[in-house]
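In our numbering, the protein residues as written are -8 to 429.
Note that CB positions come from ideal geometry on N, CA and C, so glycine has one too.
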């Protein structure tokens, strides 16, 4: 018979067996810095909820979790900003591994620049076009400290490798003596129908994405225990029609909601592959397709410079149009193409005469079905021949892609010509590309 010895001991006597009680647990104290809490006003508001997640969402988030990091930048010894990032590449360097981290350039701005409620609007509206005040002037010094927190709370010191405020992303590097998994980047294909040439443009088959498809925003919390955060949502195509103040021509939109500590984190598919980099907005999550970064990064590694060619117009898939617009296009026999939603002032598109509402049907003898298709072509084609539907007439626009934003100033705009289809057909035998530029 076993008797409880606690009944026989005197009051106040220390009982060693009580310390071994498996049902008695000590309440853990929070392990974050109180100074950090006072600076963030309310740390609990910085974590986006992980409640109610499906098993598929958790499975996808766990696949990319080892590659997601938490980042904190410092200015004058004080914390400037905190966000997330994703490891996408590594190599062995003498005695350690060097890792590359993709994140948002918001991390590199001084604290005084964080008063804007919408980071995407701040960077893309201010720095687009002929901005006389280069955004690089608002960056932290290149030698400022950046803390990189890995899964489990391991702290590493990060170094700024390069950044681009035009697209609002930055690449950091850090060293570690052990191997970490790198995230899998998968290019997007947002065309409503499959494109036969898409397999030739990407090293892997692109991930299809149409409105309503599930996406997941992932980030890592900025205080211990540095847990992974996931916010599921759906890809939406019509948001920017109501929220044009974001003013970015390349952004996609998802209806999931994150907090500012999720800025720069990856947007992943249901298979755990990274398809974009997330930013912050009040009613959802804008994200930049990973296609743009992959092309930018490949060019940057070769030339060690930032090349940003642009035709100066925002185009969108036909499935983003209003039903009334689609009905009119159907009467004209148009089932594929891109709608011109916005034209920048002073851009090649405006000089050539393109206007919002025009429909681009072909680009250099190829039917265009996705804006990313045009984006990839700009890097390899010097002269663009666009067949555009304007007021029930097919017009041919000739324009050059030599509008490079270097230092946020376009180097050269060159107006070519605008001809209708009939005139072009009659004069095509006597027309050469060289004569167009004389």
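Let me make sure I understand the geometry here. Which of the options has the alpha-carbon closest to that of residue i?
| i | options | result |
| --- | --- | --- |
| residue 486 | 329, 345, 327 and 328 | The structure shown does not extend to residue 486, since the chain spans only -8 to 429, so no value can be given for it. |
| residue 43 | 253, 220 and 56 | 220 |
| residue 98 | 64, 309, 303 and 212 | 64 |
| residue 291 | 172, 241, 162 and 87 | 162 |
| residue 355 | 307, 379 and 343 | 379 |
| residue 68 | 333, 277, 135 and 78 | 135 |
| residue 181 | 381, 377 and 365 | 365 |
| residue 325 | 309, 340 and 313 | 309 |
| residue 152 | 262, 92 and 323 | 92 |
| residue 148 | 142, 381, 137 and 156 | 137 |
| residue 172 | 262, 146, 77 and 96 | 77 |
| residue 60 | 144, 51 and 361 | 144 |
| residue 73 | 199, 96 and 381 | 96 |
| residue 358 | 199, 46 and 377 | 377 |
| residue 168 | 85, 198 and 225 | 85 |
| residue 352 | 52, 341 and 323 | 323 |
| residue 248 | 142, 222 and 268 | 222 |
| residue 278 | 253, 289 and 214 | 253 |
| residue 214 | 381, 70, 360 and 49 | 70 |
| residue 319 | 381, 360 and 289 | 381 |
| residue 49 | 218, 330 and 198 | 218 |
| residue 330 | 360, 289 and 342 | 360 |
Just reading off the alpha helix (DSSP H) that residue i is part of, what are its end residues?
| i | result |
| --- | --- |
| residue 49 | 46 to 55 |
Compute the distance between the beta-carbons of residue i and residue j, then report whether it is under 8 angstroms.
| i | j | result |
| --- | --- | --- |
| residue 283 | residue 158 | yes |
| residue 257 | residue 206 | no |
| residue 58 | residue 255 | no |
| residue 170 | residue 88 | yes |
| residue 273 | residue 307 | no |
| residue 338 | residue 315 | no |
| residue 203 | residue 246 | no |
| residue 79 | residue 174 | yes |
| residue 244 | residue 227 | yes |
| residue 328 | residue 350 | yes |
| residue 280 | residue 241 | yes |
| residue 94 | residue 146 | no |
| residue 150 | residue 160 | no |
| residue 140 | residue 54 | no |
| residue 317 | residue 179 | no |
| residue 286 | residue 367 | yes |
| residue 51 | residue 263 | yes |
| residue 142 | residue 56 | yes |
What is the residue span of the beta strand (DSSP E) that residue i lies within?
| i | result |
| --- | --- |
| residue 225 | 219 to 227 |
| residue 270 | Careful: residue 270 lies outside any beta strand (DSSP E) and carries neither H nor E. |
| residue 278 | 276 to 280 |
| residue 166 | 160 to 167 |
| residue 58 | It is not in any beta strand (DSSP E) - residue 58 carries neither H nor E in the DSSP assignment. |
| residue 205 | 205 to 211 |
| residue 202 | Taken as a continuous stretch (DSSP letters only), residue 202 belongs to no beta strand (DSSP E), as it is neither H nor E. |
| residue 251 | It is not in any beta strand (DSSP E) - residue 251 carries neither H nor E in the DSSP assignment. |
| residue 257 | 257 to 259 |
| residue 149 | 146 to 155 |
| residue 99 | No beta strand (DSSP E) holds residue 99; DSSP gives it neither H nor E. |
| residue 94 | 87 to 94 |
| residue 353 | 350 to 354 |
| residue 69 | 69 to 84 |
| residue 245 | 243 to 245 |
| residue 138 | 137 to 140 |
Would you say the beta carbon of residue i comes nearer than 7 angstroms to a heavy atom of the ligand FMN?
| i | result |
| --- | --- |
| residue 330 | The ligand FMN is not among the ligands present in this structure, which contains no ligands whatsoever. |
Run through the region 290 to 342 for me and flag every whole beta strand (DSSP E) of 3 or more residues, listed as ranges in chain order.
304 to 308 and 329 to 334, all fully within the region 290 to 342.
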